[in-house]
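Enquirer: Heads up: the sequence shown at position 119 corresponds to 121 in my numbering, and the numbers run straight through without jumps. Sharing a structure below in structure tokens format, with a few things to ask.
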Amino acid sequence: MTLTRLSALAGIAAVVLLVGMTVVFGALTPGYSHWSQVISELGARGAPLGRTMGYVGIAGFGMLILLFAPTMVLARRPGPITALSAALLVIMGGGVALAGLFQCDVGCSLEAPSVTMALHVWSSFVAFLAAAAAPLVLALRLRSTTEERRYLQYGLVTGLAMFGVTFWIMAIGPTATYLGALQRLFLVLFCSWVVVTAVKALRS
3 MTLTRLSALA GIAAVVLLVG MTVVFGALTP GYSHWSQVIS ELGARGAPLG
53 RTMGYVGIAG FGMLILLFAP TMVLARRPGP ITALSAALLV IMGGGVALAG
103 LFQCDVGCSL EAPSVTMALH VWSSFVAFLA AAAAPLVLAL RLRSTTEERR
153 YLQYGLVTGL AMFGVTFWIM AIGPTATYLG ALQRLFLVLF CSWVVVTAVK
203 ALRS
């Protein structure tokens, strides 16, 4: 199996891991709401399955994205744009991995946060920005074949949508009743792009 194929499969595995553990652990956590609560609350200190979700679900997702990052270079002509996109995915994966290791406080409240909670929040924030930027950077390669151009245009729209959701989250604040839904919308956009990119790499 080639390195490109392994890297692409890591991206698909990352999506399966995050979605699977979020759904299962959400169902196993009494009173948990996917609409109003962020995924980090499943991995928070004191949560019923906090350590497993934090170390395996969240940090594991980040580590698999790190392994997926080389796909951006391996599956297409190497250059500064593809290298930058891969670097952004490394930042995204590393940020999420740190967010999983640095668990948030009970309820992930931002009132008098601990040092660990602060690290969790900033790691997640940087990861989200990097995730939104990765497909946007690739859109700079629009001078390509028709098929590649469609993929890059899809990435452009996806990246802009992710930035839009990020700023929406910042605008409504951490106490909004639909914060969990917005976070999941962001992750659906990102994970869909990861799967599309991975499948494209596997086919090539």
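All C-beta atoms in this analysis are idealised placements derived from N, C-alpha and C, irrespective of residue type, glycine included.
Going by DSSP, what residue range makes up the alpha helix (DSSP H) through Q185?
Expert: For the purposes of this step, residue 185 is taken as the residue at position 183 of the sequence shown. L181 to R205 is the span of the alpha helix (DSSP H), which, as asked, contains Q185.
Enquirer: Taking 8 Å as the threshold, find out whether the segment 34–54 comes into contact with the segment 98–105 through three or more Cβ pairs.
Expert: At 8 Å Cβ cutoff, the stretches touch.
Enquirer: Would you mind working out which of S111, I41, I67 and L66 sits nearest M55, comparing C-alpha positions?
Expert: Counting from one through the sequence shown, the residue named residue 55 turns up at place 53. The candidate whose alpha carbon is nearest that of M55 is I41.
Enquirer: Quick one: what does DSSP say W170 is sitting in, helix, strand or coil?
Expert: On the sequence shown, position 168 is the one that residue 170 refers to. Residue state, collapsed to three classes: helix.
Enquirer: Please go through the same chain and pick out, in chain order, the residues whose beta-carbon is closer than 7 Å to the beta-carbon of S204, but skip the five residues on each side of it.
Expert: To locate residue 204, count along the sequence shown from 1; it is residue 202. What sits at residue 204 in the sequence shown is Leu, not Ser. Same-chain partners within the cutoff: R7 and A10.
Enquirer: Only counting the same chain, and skipping five residues up and downstream in sequence, which positions put a Cβ closer than 6 Å to that of I171?
Expert: Residue mapping note: residue 171 aligns to position 169 of the sequence shown, counting from 1. Around I171: L184.
Enquirer: Can you check whether the CB of G182 is closer than 8 Å to the CB of S38?
Expert: On the sequence shown, position 36 is the one that residue 38 refers to. On the sequence shown, position 180 is the one that residue 182 refers to. Closer than 8 Å, so yes.
Enquirer: Skipping 5 residues on each side, what residues in its chain have a beta carbon closer than 6 Å to that of A132?
Expert: Indexing the sequence shown from 1 puts residue 132 at position 130. Only L90, I93 and M94 meet the Cβ criterion.
Enquirer: Report the residue ranges of all beta strand (DSSP E) runs contained in full by the segment 91–161; include only those spanning at least 3 residues, in chain order.
Expert: Listed in chain order, there is nothing to give.
Enquirer: Quick one: residues in its chain with C-beta nearer than 7 Å to the C-beta of F130, no 5 flanking neighbours on either side, listed in chain order?
Expert: Mapped onto the sequence shown, residue 130 falls at position 128. Closer than 7 Å at the Cβ level, and outside the excluded window around F130, lie T168 and F188.
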